[in-house]
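So the structure is just underneath, and the comments pick up after that.
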Ligand code: FAD
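Next comes the structure, spelled out in structure tokens:
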């Protein structure tokens, strides 16, 4: 390297001298380290992770790991071979942009560039702190605590009919538990999907033998059960709380880094934060989307996979990369493979492909003739084709789109 003298090699040497510290060793943090190496950075990379376990993937926790079909879900990455210094069990407690340091109980960690990838933490119900039979499902430790609960076939009350609640209820039924899901709204997934699209999903619970109680608010948790606000007492061997997650940004208090309305880090379109040399990515950060004309805060796996490539490109300054994805996620619930691509806010019409009472169907949102989002229930081709059409903003023919026997990609105008 010392023999090279051109401007490219000088910039390369400058890059290699920079210390990059990534805070959070989940999907987004790990992928940032991987993307830095893939894009040619050979300087020091430190990955700080609060958890003691080798970094792992979360989606299997509510599926195979919970049912004991997989022992764990550690990423298949050799951090030594990658030259990444992995510091596990080290929780960042502060960030001081003026000093370019991240604080930890083990001492300050200096950085030239820092990446905030601390993800999200589950919302807790008040009063549940000391109750051993009340569970969350976010971490490997949570899943390991829940495995024996399933194996013992306890009666379980799940609070919240969102993505995690539905997936947990699916696994618990498969394990032979009696399951009741209580939901404050009048249907499942009320915060995520419009009424008409989520309504058919209520039947999936009954089909699977899960009792779904909507418009049911938890008044309090008691040892051995849940009391609803109409005084109904639901006995439970275990309670699983799945009422959402919030960005894990409490440790940034006093850092001066701008946060948004959900306490997420407000990043720009290149995933830079308001502090110099600090980026943010994954569940903890929102970004402005020109594609959808609004700021997006995405709590899904694909965002934690794609965002890091933009972060790495902008750290290395090789290109000025803009992050404006078509968001994508999937969920496996009640024997169905549910996938969603796009963002339906701002759509002006909805086209169904197939009967929503049936085993497989899709819902397509249009703005004018442009496809902006697709929800596919056990129709993975619709999702794959729809995702490409959303990306390319191809005008669609709504009549052709409504024919589920035609490939979605052939329904262009
Ligand atoms: P996280 O995975 O939350 O990782 C952040 C890491 O940072 C954590 O390990 C945390 O311990 C660490 N951390 C936090 N604070 C600090 C600190 N101060 N210092 C150091 N480290 C810190 N998405 C889908 O699209 N499909 C699915 O089927 C799906 N299933 C899921 C199932 C479960 C049970 C869960 C919990 C999530 C699921 N998701 C799914 C969502 C997906 O897993 C997340 O979007 C993804 O994990 C986000 O990655 P992240 O790295 O941004 O955050």
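Numbering (this note's numbering), first residue to last: 2 to 414. Idealized CB from N, CA, C, for every residue including glycine.
- Cβ-Cβ separation between residue 25 and residue 50: approximately 7 Å, consistent with a contact (criterion under 8 Å).
- Secondary structure note for residue 335: it is in no beta strand (DSSP E), with a DSSP letter that is neither H nor E.
- For residue 60, the Cβ falls inside the 7 Å cut-off from some heavy atom of the ligand FAD.
- For residue 358, the closest alpha carbon among the candidates 201, 311, 250, 243 is that of 201.
- Annotation for residue 251: no alpha helix (DSSP H) segment contains it, and DSSP assigns it neither H nor E.
- Take the alpha-carbon of residue 160 and the one of residue 262: they are about 24 Å apart.
- For residue 280, the enclosing beta strand (DSSP E) stretches over residues 279 to 281.
- Not one heavy atom of the ligand FAD sits closer than 7 Å to the Cβ of residue 72.
- Remark: the shortest separation between the CB of residue 287 and any heavy atom of the ligand FAD does not fall under 7 Å.
- Bounds of any alpha helix (DSSP H) do not take in residue 239; it lies within the beta strand (DSSP E) bounded by 239 to 242.
- With fewer than 16 neighbouring CB atoms inside 10 Å of its own CB, residue 152 falls in the exposed class.
- At a threshold of 7 Å, residue 138 counts as near the ligand FAD, since its beta carbon sits closer than that to one of the ligand's heavy atoms.
- According to the DSSP assignment, residue 97 belongs to the beta strand (DSSP E) that extends over 95 to 97.
- Distance from the CA atom of residue 405 to the CA atom of residue 368, rounded to whole angstroms, is 20 Å.
- Under the three-state reduction of DSSP, residue 145 is assigned to helix.
- For residue 311, the CB stays at least 7 Å from every heavy atom of the ligand FAD.
- Of all alpha-carbon atoms in 303, 135, 124, the one lying nearest the alpha-carbon of residue 59 is that of 303.
- Counted as a single uninterrupted DSSP element, the alpha helix (DSSP H) harbouring residue 387 occupies residues 381 to 393.
- By the neighbour-count criterion, in which a residue is buried when 16 or more other Cβ atoms sit within 10 angstroms of its Cβ, residue 100 is exposed.
- Of the candidates 214, 397, 314, the residue whose Cα lies closest to the Cα of residue 184 is 214.
- Only residues of its own chain outside the window of five on either side were considered, and among them 248, 250, 285, 286, 287, 298 have a CB closer than 7 Å to the CB of residue 265, listed in chain order.
- Per DSSP, the beta bridge partners of residue 397 are 413.
- The way I'd put it, the stretch 26 to 44 does touch the stretch 307 to 315; three or more beta-carbon pairs between them come closer than 8 Å.
- DSSP places residue 377 outside any alpha helix (DSSP H); the residue lies instead in the beta strand (DSSP E), whose first and last residues are 371 to 378.
- Relative to the ligand FAD, the beta carbon of residue 202 is positioned no closer than 7 Å to any heavy atom.
- Close CB contacts of residue 392 within its chain, under the 8 Å cut and outside five residues either way in sequence, are with 327 (chain order).
- Boundaries for residue 198: no beta strand (DSSP E) harbours it, while the alpha helix (DSSP H) harbouring it runs 196 to 199, taken from the DSSP string.
- For residue 149, the number of other beta carbons within 10 angstroms of its own is below 16, and it is reported as exposed.
- Taking all protein chains in view, the Cβ of residue 386 is crowded by 16 or more other Cβ atoms within 10 Å, so the residue is classified as buried.
- Distances from the alpha-carbon of residue 114 to those of 336, 361, 48, 205 put 48 closest.
- By the 16-neighbour rule on beta-carbons within 10 angstroms, residue 168 is buried.
- The closest CA to that of residue 205, considering only 21, 229, 166, is found on 166.
- The three-state secondary structure of residue 168, taken from DSSP, is helix.
- Secondary-structure assignment with DSSP links residue 311 through no beta bridge to anything.
- Annotation for residue 288: no alpha helix (DSSP H) segment contains it, though the beta strand (DSSP E) segment containing it runs 286 to 290.
- Burial check for residue 218: the Cβ neighbour count within 10 Å stays below 16, so the residue is exposed.
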